[in-house]
Every structure is written in C-alpha cells, then in structure tokens.
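Have a look at the structure below before the remarks.
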Amino acid sequence: MSAQPAIDLVRLAELARLSLSAEEQAALLPQLARILAQLAELEAVPLDDTPAMVRAGASSGIARADEPQPSLPREALLARAPKPEDDFYSVPKTVGGEG
Amino acid sequence: MTLPGVEATRARIVAGTTSAEANLRECLERIAALNPKLQAFHTVAAQSSLARATELDALLKSGAQPGALHGVPVALKSNLCASGHETNCGSRLLAGWQAPYTARAVERLLDAGAILVGMTHMDEFGFGSSGENSAYATARNPHDPERTAGGSSSGSAVAVASGMVPLALGSDTGGSVRQPAALCGIAGFKPSYGRIPRHGLVAFGSSLDCISPFARSVTDLECAMEVLSGHDALDATSIEEPPLLRIASEGALDGWRIGVPRECFDAGAGSGLDEGVRTALEAALRRFEQLGAQCVEVSLPHLRHAIATYYIIACAEASSNLARFDGVRYGVRHTAGSSLAAMMSATRERGFGAEVKRRVLLGTFVLSAGYHEAWYQRAQRVRARIAQDFEQAFEQCEVLVTPTTPSTAFRLGEKSSDPLAMYLSDVLTVPASLAGIPALSIDCGRTQGLPVGMQILGPARADTRVLRAGRAFERKNA
Amino acid sequence: MSAAHDPALVSPRTGRRWLAVIGLETHVQLKTRTKLFCGCEYRFGAEPNTLTCALCTAQPGALPVLNCEALALAVRAGLALGADIAPLSKFDRKHYFYCDLPKGYQISQYDQPYCKGGGIALASGRFIRLERIHMEEDAGKAIHDRGASTLVDLNRAGVPLIEMVTQADIQTAAEAFEYLTLLKERLQYAGVSDCDMEKGSLRCDVNISVRPAGEGWRTKVEIKNLNSFRFIAAAIEHEAWRQIEAYESEDPAQYPVQETRLYDPERNQTRTMRGKESARDYRYCPDPDLPPVVLDASFLERERSNLSEPADSRRARYREQLGLSPADAAALTSERAASDYFEACLRSGIDARDASSWIRNELLGWVGEPELGLRDFAQLPISPRELSEVLELIRSGRIASNAGRKLLRARALAGPDGPGIAALVAQLGLEQVQDDAQLEEWCRAALIGKEKIIADYRSGKEAALNALLGPVMKQSGGRAAPEKVREILKRLLSG
C-alpha cells in the first residue's frame, strides 16, 4: 500500500466491465486517487498477528439436506430476461473463453 | 403529530375502533398529499394493498387470530424483494424489475398481517448517505425539504417520519438506516449481523448488510423485531437463535453502566462533531443518569480507522456482488459493437450511476492482483481490531452511547460533489457495522429545529439489551 | 495401453531424448440429487432452463446454502484417494465475466481447499501425487452453433464439482490414460460420481511441457476440449511432439508459449484457443455468504465407514481367494454395482462360480437393452435372494436351466415391484413336468410316423434319440423334464 497507488483505470474498467468514456475517465482518476490516498492510512496501523475478519458473528455453518426443491418456471425467469430466444437467454455471439 | 404507531394501529383495528381498510385509506391519503413533495415512494400499491386490507378485515370478522402486525401498513426499501413489486434498487439498470420471489423478512411481515403499501426511493444499490444517488428521485427531509433525509434508506425513513406509514424496512450496511433515522427524527434499529435473514435483500456488502426497521418509537421497533428476527435456513449467515422476544418493560436502568467512547466526542477524531449535536447528547447522558445509570468513559482506539476499513471492505464486496448485473438474465440491456464483453460493458456503463461506478472500481482495485493483500486483506485485519475494541469496551459497560451522526441534516447538494466528504460523514455508524453489533438510533432532541440522533450500541447478539435501554430513554423523554 | 518402461520421446530427426512433463486437472460431478448451493435438481439432457431457481440464475438477493451431501461426497472422494482432509476450509469467489456464469463469479475454494495430498499408484509402481482437491460449482452452458446468437442454458449452473489437480508427475500418454482409468474406478467405487465423460460428469484438462532429458522445465501449455480418455492420450502424444518439433526448429519464434489450446479429435491436432485475453485476474475473495466449512472427526469417521473396498483389492480377492479367472474378476469389478451384487450373492450362499457365471454371461449383458430399460446395473430389480431361488430351482430339476434364464428376464422386466420368483414360475408355467403318464403320452405321440428314426435307433444309433427328444420338448412347451423323457423313450423303443 502506498499513499500514491498507481491506478491503471483502463485495466480496472476492463476487469469491472465498464466502458468508461474519456470524460468519465478524466473525472474519475483524480477522485479515485484522492479516495485511495485517504484509505491508504491503514498502512500505518500496527497489526501484529491479528487474523482477518471476514464477517461478523460466528455462525456454525448452516448446511442444507440434499432434498430437491421446486425450480422456478422457465417462463417466469425468461420473462425477466432482456433478450430471451426460444427457451434460452441469448447474448451476442461469442465463442469460448471469457467474453 | 399524533399518528398511531405500530402497536396502536394494530390495537385499534383489532378492537374495532377502525378497520384495516379505513386505516389504510388514511395512510394512502397522507401519501397522496405528501409524496409529491417528499418523494418517499416510487410506487404505491394502492389497489393490491386495499384488497389485502379488505381480506384482513374479513379474516378478523371470521374470528381468526390477528397477527402481530395485523393491518399495519409497511413500506419497503427498493432493494428488498417482494413478488409483484418493483425492486429497482434506485438503479436504471433494474428499472421495472420484479423479483420472482419474496424476501424472507418481507414474508414474515406479511404472515404477521402487515400490508405492503409501496416501495421507497433509495441511493442506488445503497451507495450513498443523502438519497441523492437515486436514479429516480431524492427523498426530502420532512423537517426541511431543502435538506437531506439521509441515506441510503431515504424513502423508507421519510415515509415513517412524515406519518405515511408507521413501519418501514430499510437496509443498513454502514449506517443506511441509523443515519436517516437520526436526520429525520425517528427510530431505526440495525440488529446484530444475521439477526434478520438477508434472504431477498439485494446484496451490497454481504458481510455488513442488515435488514433494519424504521418506526416512530422503540416499542414499535420491538414489535417489528419479534416478527422479523429469527434463524432462517435460506441464509447460511443467519444467527441460529429463535426470534427476539420483548422482555417485561422496566423503566429504570439502575446499575447500568453507559459507556461513552471518548473518540466519538473528541473534536480531534475527525468526526467534526457539531456543537448542537454535542449539547443534545450531553443532555441525553444526564437523562440516562436520572434513570439510575452511570456514565463511564471508554476508549475505542481503532475507531479512527473505521472509515478506511469500511470503504475498502464494502467496495470490495460491492464490486463482487454487482458483477451479476451483466444484462444477460434480467435488467436493462444496452448493446455496443457486437461482442458479449461490449454488451456487458455498455449495460453496466449506462445502467450504473457515477457513485456505483466509483465504488465498483475501488472494489476492483483493492481485490486485484498486487493490491489484494495490502488493501483488502489488511482492511479485514483492521476490522478484527475494531471488533476487539468493542469487546474490550463492553467489559466496562452494558451499552455504549454516541451521536449517530456528527451533524444534523445537511442541505441537498452540499456534499454531492465531494464523495470523500460524504464517506467521512459515516464515521460514527460504520464501526458497529464492521463489528456486526446491534445499534439503535433514536431521537434525542433538536438543534436549530433539526433532529439529533443518539446511537446506542450493545455487544454482539445483545439486541434486546440495546432496545431496552432505548425504550427506557424514550419513556423518560416522553 | 501399457506403460512404457522408458518414458523418453526420441526425436527421429536429431536423436535427442525428450521427456514430457504432464499434470492433469480433472473435474467430476458429485452424485447428489440437488445442486451445490440450492435445491434445484440436475438431470443431464433436461429441457433447457427448466432446472433453475432464483439462486442459480443469480437473481438479486438470493443466497447460497451448502448441500451437506455434496460435502460428504467430496470428503469421501478425498478419503478414497488417500488425501488429507482439512478440518477447516472455506469458499471463495472467483471473478470473471461470461454469459454462462450467472453471478459474475464462481464459488470455488482458493487458498484453503478442503483436501490436500493423496494420489494414485500405477501398475508400474509409480505414484501420481495429487496436489489438492477442491469443491466448486459448475457454470451453465453456452451454445454457439444455433443461429446468430449465443444461447445460454443455466440448468448446469451450480452443479457440485470437485477438481483434482495432480502434481506434474505423469510422464507419458499411457500413464495419463492409466491414471484416469484408475481415478474413475476409485471415484465410482466410492460412490462419489458417475464419471461419465459423455454426460460431462468427468472433464479433464491437460498441462503439458517437454524438456530435454537432464534439463529443467520449460513453458507449459494447457489443453482443453478433451472428450474421452483416448483423446486425452492422443492429444498428449500429439502436443508433446508438436512442442519437441517447435524446439528442434531452433527458431525461438516457433517455441511453445504459455497458452490454452483446444484439441481437435477429427484432425488429431491442437490449436490455439481463439480470442485470448490479457492475463486473467480472478480477484479471489472469501465468500461472505458462506461460513467456513468445519469438518469434525465424527463426520470424517462416518464417511470413512461409507467407503467400500476399492476395485483393485476386490479383483485380487476374487482371483486369489475365490479362484475366479482374471477375466471374470475384471468383468465383475467393471462396475461397482455389479461387484456389490456379486458380494451380496456370496453372502446369500450362492457358489462363487455360479454367481460369477450368471452375472457375467447374463445379467451384465442386459444393461442398456431397450426392452429391459436398465440404465445401469444398480437398477437391476433381481435381488441376490431371488437369483439364489432360481439356481435352487434349476439344481433340484424343478425348472430347466434355460427356463432359469427366461425366469430371470421375466423378473427383470417386471420391475422392482413385480411378482416374485415362485409366482413367475407358475405364471409362465416353467415348472418341469415329471408326471410319468403325461410324459409317456407326449413320447408316444412323438413316435408316430418316425419309423426311420426308430429303425436307426434300434440298429444302434444312440444319437437318433435326440431327434425324438426335440418334438417331445416342443409339444410340452419346453416343460418336459429331459432326463425322464430320455428314459421313457428308451423304454418305449426297447419294448
């Protein structure tokens, strides 16, 4: 962590699937830099061997029996899709890998 | 304003003084009169709620046992799923979206006889402290419509504060119920993490999110908690305990120690505590002493790191939770170019507002290779320290008392251009979220005509204790 | 295929000795009724998008809850592979965007998998070490060959998988083939998975590099799209030589690069996967929706006791203690259900050879016959006790041995709730007729007009009797006791 983290906004936007416009990028970069500079104060907190805390409370691990529950009707789910096609969700043609 | 609360509404309907339908019509009239100015609701389900009220009246006549919330009109924040209602999360991306199922907490309300009146405005996906990040409308503070109602559960707070409904649900991730409750002069309760199942709450920061009720009194909140709380098999993080039950009411707090964290009152802690707020809180502490409690000073040394810790963790989780909004299965799709990636990017770019993009990018940054350990993991370790601070403080007292917010409701537009200033105003609410402990905000007076909120915190799972302290204070204050 | 003693690949052009370094990543689907985190059932080949709910389509607000049985099966797989089960593990989110991944992340296990170590010993004695096994959910299916759009079916989204990652211990295609065969057998015997590649319940990716003997490791390539063990072996063989030729070209531009390649079984070659992106960044983080997985000793003990004796040990026992042939032993253990059935037969007192021959010659062959509708051996509705009843009927001569076959098929056809053996014997009239008067009547009838045969017999051609036996059996509907018929015919002809 450093007070001046290098922000590769293009890469971040690609990872986050946001097609930021040039103006947005120009506006966001200094904002993010300023916020991160503030958040970077944690660097100075002495932590010794404190372990990470992922969540509050210590639920003892609720699990479920392997018993089938009714699925939702296909029509109900596809009716919510922006572009259903036949009995499927459809998206622009893509082949393999991570679109 | 002497509008009936949750208990009184139910009691009047059950006693036959009024009917569920007549009571609901009064609420709907009030909404019709006030909503255009205050912008609490984006959707009012007048027809379906009236049909339900009629049904409830018939049920009562038939001799059926009335539920704990029989006939009580409720409002929901728009990130709660209720079949047949629009859960748009204050986002363009989810315009018109209705969940194909109902949240467990909402189901519990309905099973207890509540009437779902409508869905309220909120900061987009819960990202905001003023309501201004809604893609639809900004709710206004009933005490001064030029001022913020707080956020992100803005509309739900306003609906209760203006008397449109006696009970509303919000969600509190870093203060999103407590802060608007404080700024609007009502009561809001963030229970222990996992006390109310999260099933059907659209996730923001999954390790922090708590469905939380608003009401006009602590007694009403207790009523709601009896219905809402309790373990649920559909949420693996829900506390494995039965619903909270109200304990016999006792006015006095004899022998209680009220912890006063010095960091929350220090001007130097960066909280920028207003003088008016400080004065109101000091008066409140004296009232606690009159109830038989003793005030003790305690210290939360890591409190000043709570904002940074909170924003790193909440943004990381938000960036992950919002990955599902890709335009494939639901929501408003935008296309650009011909590839799948371009479709997803355009959908998110045009569907998300500025604050959502900021937080998604921050979250992506702190989780990305090379930064993960130094930012995200480090924040989780500081989080553990903050929780430890609370544990140690609770060795010296039964509950802690702090202001809910450093200042009263600010003017709309005042902070909207400066995201960092907005983040910093959450300084007093985020620590309880990080620690997962119960936190109640109640009205403790006015300064310059605006409400001041007091926050009461208890150890993890000691929800009943916090509510009891709040109720005692409320009685004394009344 | 048998493992070569010398794993080296000798270049025909340069005579150089090369060694392949191979690791396998195998995914198998756990045999649960429902998905890993929701109550949807999964059936291969179901109508698209009919086995989904709010959770597995990632509707906002839905939360995952772990399926206990998936955890139990995963643990059993680890135990069957001799691995160490971690008392504490956790689920993480692995982020990437694709149309078949509804949440934008896959729930998997990153730095604290539930299982480490273990492995499989090959016949050569070489041990293929497992690095780790972890649980994860499957993605849905993107269909690219129908129309102008890519279509998405989410039935498979959320199905429980375990991924087993080997160390780079495998040296040849033959070893890879043997490892997979043994792995599949081990997991099937543990009842963990069907391991059916055709139905996608076993999938395998290969990591492979080559190096000159005596030198250090070089760039590794990942191969995907491998649909059978045979193709995996072929792809390894082909890819190893491709890499060797690339290095031997001495042109660095031709050298293998770190990439993912797809295997094309029609052309028997690998090619670079299209649309390769910049390096991935999965942004792993612990899944806050799922508490850590805590496995206590009693849970492990229970799963250990659920483990059955593995196939290789059963085979040895059948050969050495029961005196079965290696071919019989192999056939009986080819499927866990068949082997379990055989063991149950032994317990109900059936002679090992009888049981083996009936299972091998009849019952195993019935699986897949459309008439009987048995998808696998486990569905066979004949209990070992019933088989034993039938064998006893044959032994005592109450039914003919080919009537035994008929009877068992009838029993199989009748399904689990069908009539029992005794009822079927009566229903089908299979009991042999022993009544002398009846038999003699049939025999006399058979002799009418058979003067030529009678003369042959009387002139000393004993075999001529068989020509008379046939018509008697036919007339009796196959129920005449053949030994008695023989006696009666002899008596009548000698008279």
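Chains as they are written, first to last, in our numbering: chain P, 1176 to 1274; chain Y, 1176 to 1653; chain S, 613 to 1107.
Even for Gly, the Cβ is constructed at its ideal location relative to N, Cα and C.
| Query | Result |
| --- | --- |
| Could you give the DSSP three-state label for Ile-1422/Y: helix, strand or coil? | coil |
| If you drop the 5 nearest sequence neighbours on each side, which residues of the same chain put their C-beta closer than 7 Å to that of Met-1519/Y? | Asp-1501 and Gly-1502 |
| For Leu-713/S versus Glu-790/S, is the C-beta spacing smaller than 9 Å? | no |
| Using beta carbons (cut-off 9 Å, strictly below), is Glu-659/S in contact with chain P? | yes |
| Which residues in the same chain as Leu-700/S place their Cβ atom closer than 8 Å to its Cβ, once the five residues preceding and following it in sequence are excluded? | Gln-724, Pro-904, Val-905, Val-906 and Leu-907 |
| Run the CB neighbour count on His-746/S, radius 10 Å, all protein chains shown included, and call it buried at 16 or more, exposed below. | buried |
| Do Val-1084/S and Leu-603/S come within 9 Å of each other at the CB atom, strictly closer than that value? | Within the shown structure, residues of chain S are numbered from 613 to 1107, placing residue 603/S beyond reach of any answer. |
| Where in the stretch 1564-1596 of chain Y do unbroken runs of the beta strand (DSSP E), each at least 3 residues long, occur, reported from the N-terminal end onward? | 1574-1578 |
| Going along the chain, which residues of its own chain have a beta-carbon closer than 6 Å to the beta-carbon of Thr-945/S, five neighbours each way excluded? | Ala-923, Arg-926, Arg-927 and Ser-951 |
| Across which residues does DSSP place Ile-719/S in a beta bridge pair? | Arg-705/S |
| Give me the residue from Pro-1211/Y, Leu-1209/Y, Gly-1246/Y and Ala-1239/Y with the minimum Cα distance to Ala-1139/Y. | Any property of residue 1139/Y remains undetermined from this structure, which presents chain Y solely from 1176 to 1653. |
| Quick one: give me the first and last residue of the beta strand (DSSP E) that Lys-796/S is part of. | First-last for Lys-796/S: 785-801, but that is the alpha helix (DSSP H), not the beta strand (DSSP E). |
| For Cys-816/S versus Leu-799/S, is the C-beta spacing smaller than 9 Å? | no |
| Could you tell me the distance, in whole angstroms, from the CA atom of Glu-889/S to the CA atom of Arg-1205/Y? | Confidence is the limiting factor: at Glu-889/S the pLDDT is only 48, short of 50, which leaves the residue's position unreliable, though a coordinate-based value still follows. Spanning the two alpha carbons is a distance of roughly 57 Å. |
| Just list the alpha helix (DSSP H) runs in the stretch 1213-1243 of chain Y, keeping only unbroken ones of 4 residues or longer that don't cross its boundaries, in chain order. | 1221-1236 |
| Give me the Cα-Cα distance between Gln-1623/Y and Thr-1583/Y, rounded to the nearest whole angstrom. | 9 Å |
| List the residues of chain P whose Cβ lies closer than 7 Å to the Cβ of Arg-1558/Y, in chain order. | Met-1228 |
| If the criterion is Cβ atoms closer than 9 Å, does the pair Cys-1490/Y and Gly-1545/Y meet it? | no |
| Mind listing, in chain order, the continuous alpha helix (DSSP H) runs of no fewer than 4 residues lying wholly within the stretch 944-996 of chain S? | 948-959 and 964-970 |
| Under 8 Å by Cβ, that's how I've got Leu-1403/Y and Arg-1227/Y pegged, so tell me the actual separation to the nearest angstrom. | That belief does not hold up - the Cβ atoms of Leu-1403/Y and Arg-1227/Y are roughly 19 Å apart, past 8 Å. |
| Restricting to runs no shorter than 3 residues, where is the beta strand (DSSP E) found entirely within the stretch 880-938 of chain S? | 881-884 |
| Should Leu-1448/Y be labelled buried (16 or more other beta-carbon atoms within 10 Å of its own) or exposed? | buried |
| Strictly below 8 Å CB to CB, what residues from chain P border Arg-1533/Y? | Leu-1203, Gln-1206, Leu-1207 and Ile-1210 |
| So if I threshold CB-CB distances at 9 Å, which residues from the stretch 1186-1199 of chain P count as touching chain Y? | Arg-1186, Leu-1187, Ala-1188, Glu-1189, Leu-1190, Ala-1191, Arg-1192, Leu-1193, Ser-1194, Leu-1195, Ser-1196 and Glu-1199 |
| So, Ser-742/S versus Ala-785/S, is the Cβ gap smaller than 9 Å? | A quick correction: the sequence has Leu, not Ser, at residue 742/S. For Leu-742/S and Ala-785/S, no; Cβs fall outside 9 Å. |
| Judging by CA-CA distance, which residue of Asp-1638/Y, Arg-1640/Y and Cys-1619/Y is the nearest neighbour of Asn-1652/Y? | Cys-1619/Y |
| For Gly-803/S, collect the residues of the same chain with a Cβ closer than 8 Å to its Cβ; drop the 5 residues on either side in sequence, then sort them by chain order. | Lys-643, Leu-685, Arg-688, Asn-918, Ser-920 and Arg-948 |
| On the DSSP letters alone, give me the boundaries of the alpha helix (DSSP H) that Asp-1395/Y sits inside. | 1393-1403 |
| Applying the criterion that 16 or more other CB atoms from any shown protein chain within 10 Å of the CB defines a buried residue, is Gly-731/S buried or exposed? | buried |
| I'd like to know whether the C-beta of Ile-755/S is nearer than 9 Å to at least one C-beta of chain P. | yes |
| Tell me whether the stretch 873-887 of chain S and the stretch 824-838 of chain S touch, counting them as touching only if at least three CB pairs, one residue from each stretch, are closer than 8 Å. | yes |
| Closest to Ser-1329/Y by CA distance: which of Pro-1355/Y, Asp-1319/Y and Tyr-1311/Y is it? | Pro-1355/Y |
| Could you confirm whether any beta carbon from chain P is found closer than 9 Å to the beta carbon of Gln-709/S? | Residue identity differs from the one stated: residue 709/S is Phe in this sequence, not Gln. With 9 Å as the cut-off, Phe-709/S counts as an interface residue toward chain P. |
| Find out if the Cβ-Cβ distance for the pair Pro-1248/Y, Ser-1224/Y is shorter than 9 Å. | yes |
| So with Cβ pairs under 9 Å, would you call Lys-888/S a contact of chain Y? | With a pLDDT of only 48 at Lys-888/S, under 50, the local geometry of the prediction cannot be trusted, and no value is derived from it. |
| Among Ala-1312/Y, Thr-1580/Y, Lys-1236/Y and Asn-1263/Y, whose alpha-carbon lies nearest the alpha-carbon of Cys-1439/Y? | Thr-1580/Y |
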